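In our numbering, the protein residues as written are 32 to 296. We put the beta carbon where it would ideally sit given N, CA and C, even for glycine. Keep in mind it's a predicted model, so treat the numbers as computed, not measured. Notes to accompany the following structure.
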Amino acid sequence: MGLPAEDLPRSGRPTSFKRKNLKRLQNAAINRIGVSQRKLGKKFGVAQSTIHYNLKKLGLKHYKRQKAPKYSENQVEQIPNKCRKMRRQMLTSNTFIIADDEKYFTFSNDDMPQNVGFYAFGKVDISDNVKFKTKEKYPKKKLLVWWALSAKGISTPYIGSTTGPAITADIYVNKSSSHYANKTTRWLHEQNIKFVPKQDNPPNVPQARPIEDFWSILAGKVYEGGWEAKTELQLKRRIYQKIKEIDMNVVKHMMMSIRTKLRKI
Numbered sequence: 032m033g034l035p036a037e038d039l040p041r042s043g044r045p046t047s048f049k050r051k052n053l054k055r056l057q058n059a060a061i062n063r064i065g066v067s068q069r070k071l072g073k074k075f076g077v078a079q080s081t082i083h084y085n086l087k088k089l090g091l092k093h094y095k096r097q098k099a100p101k102y103s104e105n106q107v108e109q110i111p112n113k114c115r116k117m118r119r120q121m122l123t124s125n126t127f128i129i130a131d132d133e134k135y136f137t138f139s140n141d142d143m144p145q146n147v148g149f150y151a152f153g154k155v156d157i158s159d160n161v162k163f164k165t166k167e168k169y170p171k172k173k174l175l176v177w178w179a180l181s182a183k184g185i186s187t188p189y190i191g192s193t194t195g196p197a198i199t200a201d202i203y204v205n206k207s208s209s210h211y212a213n214k215t216t217r218w219l220h221e222q223n224i225k226f227v228p229k230q231d232n233p234p235n236v237p238q239a240r241p242i243e244d245f246w247s248i249l250a251g252k253v254y255e256g257g258w259e260a261k262t263e264l265q266l267k268r269r270i271y272q273k274i275k276e277i278d279m280n281v282v283k284h285m286m287m288s289i290r291t292k293l294r295k296i
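Right, dumping it as structure tokens:
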């Protein structure tokens with residue numbers, strides 16, 4: 032009693048990752064592309080599990096890179112101003128927004144995230160249709176799906192076969208001239224429907240278009256489990272079936288968030 036407390040020698044296995052290495056680990060991992068826990072383990076001479084534990088200890092989380100369009104210098108200058116103008120002058124609180132778009136659905140889509148991998152005990156006794164994903168460079172068998180989207184739901188979709196080339200990124204970047212064809216704009220004027228003029232339409236901003244998220248949801252449902260169509264009729268029926276499964280409350284929320292998305296650009 033009355034004696035000063037002493038720091039007794041600690042028992043147990045010493046840590047394999049020194050405290051002084053934590054800062055080095057943080058600098059080696061944070062905001063860097065192509066860094067994996069296994070690579071960091073080799074760099075620091077420890078197991079992958081040790082790196083995982085210490086990254087968690089540092090509060091670092093792994094995030095998947097998001098896909099984004101590649102902008103030209105001219106587009107980089109135009110986009111913020113046009114998005115701001117659209118939000119302030121066109122998309123007021125009293126504006127009822129209707130968006131329309133089209134997408135091509137092929138007979139199979141093995142590039143969907145849920146269809147890129149599989150589990151097996153080995154690669155020997157696996158059928159080729161599971162082991163390999165085949166892909167046509169220019170798929171000929173496809174259906175064109177078009178519809179309009181609003182906070183009240185979706186229009187009756189148009190689903191039809193097509194033999195022409197699919198809409199490419201170049202056509203999209205140029206704001207798809209067919210959307211501003213004389214016949215199209217004349218009909219909109221006759222119906223007293225206001226639309227965003229071509230010169231005011233922000234170029235190449237799919238992140239502000241909720242219909243892009245809608246396409247992703249629908250495609251995920253259509254091709255779930257590696258599903259493939261044998262005929263156009265099968266694909267058409269599958270699309271109609273999966274449209275009915277989509278929660279319309281999600282669609283409403285998407286359309287109501289357009290102004291918020293424009294504000295973030």
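Segment limits, alpha helix (DSSP H) that includes residue i
i	result
E276	E263 to E276
G72	Q68 to F75
Y211	Unbroken run through Y211: none, as it is neither H nor E.
F245	P241 to V253
I289	I289 to K295
K54	N52 to A60
Backbone CA spacing between residue i and residue j [nearest angstrom]
i	j	result
T126	I277	25 angstroms
F75	K273	49 angstroms
G256	T46	44 angstroms
I289	S181	11 angstroms
Y203	T81	With a pLDDT of only 40 at Y203, under 50, the local geometry of the prediction cannot be trusted, and the value read off the model is given with reservation. Using only the alpha carbons, I get a separation of about 46 angstroms.
K70	F48	15 angstroms
W218	D231	20 angstroms
Same chain, Cβ closer than 8 angstroms to residue i, five either side skipped, listed in chain order
i	result
A179	I129, A130, D131, I185 and S186
Close Cβ partners of residue i (< 7 angstroms) along its chain, the five nearest in sequence each way excluded
i	result
A78	G72
M121	V227
F245	L180, V282 and M285
In DSSP terms, what residue i is bridged to
i	result
V176	K134 and I190
I185	L180
T259	Looking at the sequence itself, residue 259 is Glu, so the reference to Thr does not match. Answer by DSSP bridge pairing, in chain order: S139.
- Secondary structure, alpha helix (DSSP H): runs of 4+ residues fully inside the region 79 to 135: 79 to 89 and 104 to 116
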